[in-house]
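Visitor: Numbering (this note's numbering), first residue to last: 31 to 257.
#1: Please work out which residues of its chain come closer than 8 Å, Cβ to Cβ, to residue 53, disregarding the five sequence neighbours upstream and downstream, and give them in chain order.
#2: State the beta-bridge partners of residue 171 as determined by DSSP.
#3: Helix, strand or coil: how does DSSP classify residue 188 here?
#4: Is it buried or exposed, residue 220, if we count other Cβ atoms within 10 angstroms and call 16 or more buried?
#5: Does the CB of residue 103 have a neighbour CB from chain C at under 8 Å?
#6: Which first and last residues belong to the alpha helix (DSSP H) in which residue 271 is found?
#7: Less than 8 Å between the beta carbons of residue 182 and residue 170, yes or no?
#8: Compute the beta-carbon to beta-carbon distance between residue 224 and residue 87, rounded to the nearest angstrom, for a pair I have assumed lies under 8 Å.
#9: Let me know the secondary structure DSSP gives residue 93 once reduced to three states.
#10: Pull the bridge partners of residue 88 from the DSSP assignment, please.
#11: What separation, rounded to the nearest whole angstrom, lies between the Cα atoms of residue 133 and residue 205?
#12: By DSSP, does residue 75 sit in helix, in strand, or in coil?
#13: Do you know how far the Cα of residue 175 is from the Cα of residue 138?
#14: Do you know offhand how far residue 15's Cα is from residue 150's?
#15: Taking the DSSP output, what are the residues bridged to residue 100?
#16: Starting from residue 125, trace the alpha helix (DSSP H) both ways and give me its first and last residue.
#17: Could you pull out every residue in the same chain whose Cβ sits closer than 6 Å to the Cβ of residue 165, ignoring the five residues on either side in sequence?
#18: Assess contact between the stretch 187-201 and the stretch 111-126, defined as three or more Cβ pairs (one per stretch) separated by less than 8 Å. Is contact present?
#19: Once DSSP output is grouped into helix, strand and coil, what is the label at residue 264?
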């Protein structure tokens with residue numbers, strides 16, 4: 031007796047696709063990171079950087095803090111609190127996005143300077159990866175010995191990957207968490223408490239600032255109980 035097993039072409043294609051390895055190298059990672067930074071650079075620019083007085087809610091010649099610059103999104107707890115909170119955070123992020131990027135960059139610089147050991151090991155890892163890329167396309171003779179053939183490309187990649195993971199785990203994890211905690215607390219606190227209606231009444235309005243931007247994006251501010 032003959033047993034015939036048949037399968038659809040889609041099943042065969044799925045099995046073949048699952049057996050294929052996903053290509054990934056440093057060039058692919060560089061392209062993806064570059065595309066992310068390109069998208070951010072389109073929205074974050076010096077033209078959209080708000081003045082410090084507007085960002086902090088300072089008024090008058092003495093630069094005093096306006097009494098209504100920072101207020102809670104809602105004066106009472108009801109079912110619309112989350113809606114009001116979301117509306118205010120969305121407006122502030124759209125209006126102060128570049129300022130928040132500056133705050134995050136400042137926090138990153140401070141955290142990095144407070145951890146010189148992290149910078150030292152990151153420099154070593156970066157130099158090792160640069161040397162690895164250089165040895166792929168070039169040969170180095172050291173006292174008549176070909177240094178690039180000491181280890182194969184796959185062996186060097188494995189060693190450098192393990193080294194990178196160790197440095198990220200033991201030298202960068204705590205500073206990264208510190209950066210996320212500090213910058214996230216500052217940005218979210220400002221986004222939640224900064225009152226957009228006070229910005230409209232004491233400084234350049236959301237609509238006026240948006241009309242001057244090259245992107246033409248407009249942010250509307252609703253008065254009343256929504257904010």
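Even for Gly, the Cβ is constructed at its ideal location relative to N, Cα and C. Note that the structure is predicted; figures quoted are calculated from it, not measured.
Guide: Short version:
#1: Position 23 of the chain shown, counting from 1, holds the residue named residue 53. With a pLDDT of 48 at residue 53, under the threshold of 50, the predicted position of this residue should be treated as unreliable, though the coordinate-derived value follows. A distance below 8 Å between beta-carbons, with the five flanking residues on each side excluded, links residue 53 to no residue of its chain.
#2: Taking the first residue of the chain shown as position 1, residue 171 is located at position 141. For residue 171, which the question treats as bridged, DSSP gives the partners 176.
#3: As a working note, residue 188 is residue 158 in the chain shown. Of the three classes helix, strand and coil, the one that applies to residue 188 here is helix, per DSSP.
#4: Numbered from its first residue, the chain shown carries residue 220 at position 190. With 16 or more other Cβ atoms within 10 Å, it is buried.
#5: Looking for chain C here will not work: only one protein chain is present.
#6: In the structure as shown, the chain starts at 31 and stops at 257, and residue 271 therefore has no counterpart that could be examined.
#7: For the purposes of this step, residue 182 is taken as residue 152 along the chain shown, with counting starting at 1. For the purposes of this step, residue 170 is taken as residue 140 along the chain shown, with counting starting at 1. One thing to note: residue 182 has its Cβ no nearer than 8 Å to the Cβ of residue 170.
#8: Here residue 224 refers to the residue found at position 194 of the chain shown. Here residue 87 refers to the residue found at position 57 of the chain shown. So it is a contact: roughly 7 Å between Cβ atoms.
#9: The residue you call residue 93 lines up with position 63 of the chain shown. Residue 93 falls in the coil class under three-state DSSP.
#10: Your numbering for residue 88 matches position 58 in the chain shown. DSSP, once it has assigned bridges, lists 95 as partnering residue 88.
#11: On the chain shown, position 103 is the one that residue 133 refers to. On the chain shown, position 175 is the one that residue 205 refers to. Cα to Cα, residue 133 sits roughly 16 Å from residue 205.
#12: Counted from its first residue, the chain shown places residue 75 at position 45. In the three-state scheme derived from DSSP, where H, G and I count as helix and E and B as strand, residue 75 is classed as coil.
#13: Mapped onto the chain shown, residue 138 falls at position 108. Mapped onto the chain shown, residue 175 falls at position 145. Distance between the alpha carbons of residue 138 and residue 175: 43 Å.
#14: This structure cannot speak to residue 15, because the chain is shown only from 31 to 257.
#15: Residue 100 sits at position 70 when you count from the first residue of the chain shown. In the DSSP secondary-structure assignment, residue 100 is bridged to 224.
#16: Position 95 of the chain shown, counting from 1, holds the residue named residue 125. DSSP places residue 125 in the uninterrupted alpha helix (DSSP H) bounded by 111-125.
#17: The residue given as residue 165 occupies position 135 in the chain shown. Within the same chain, residue 165 has close Cβ partners 178.
#18: Fewer than three beta-carbon pairs drawn from the stretch 187-201 and the stretch 111-126 are found closer than 8 Å, and the two stretches are therefore not classed as touching.
#19: Outside the shown range of the chain (31 to 257) lies residue 264, about which nothing can therefore be said.
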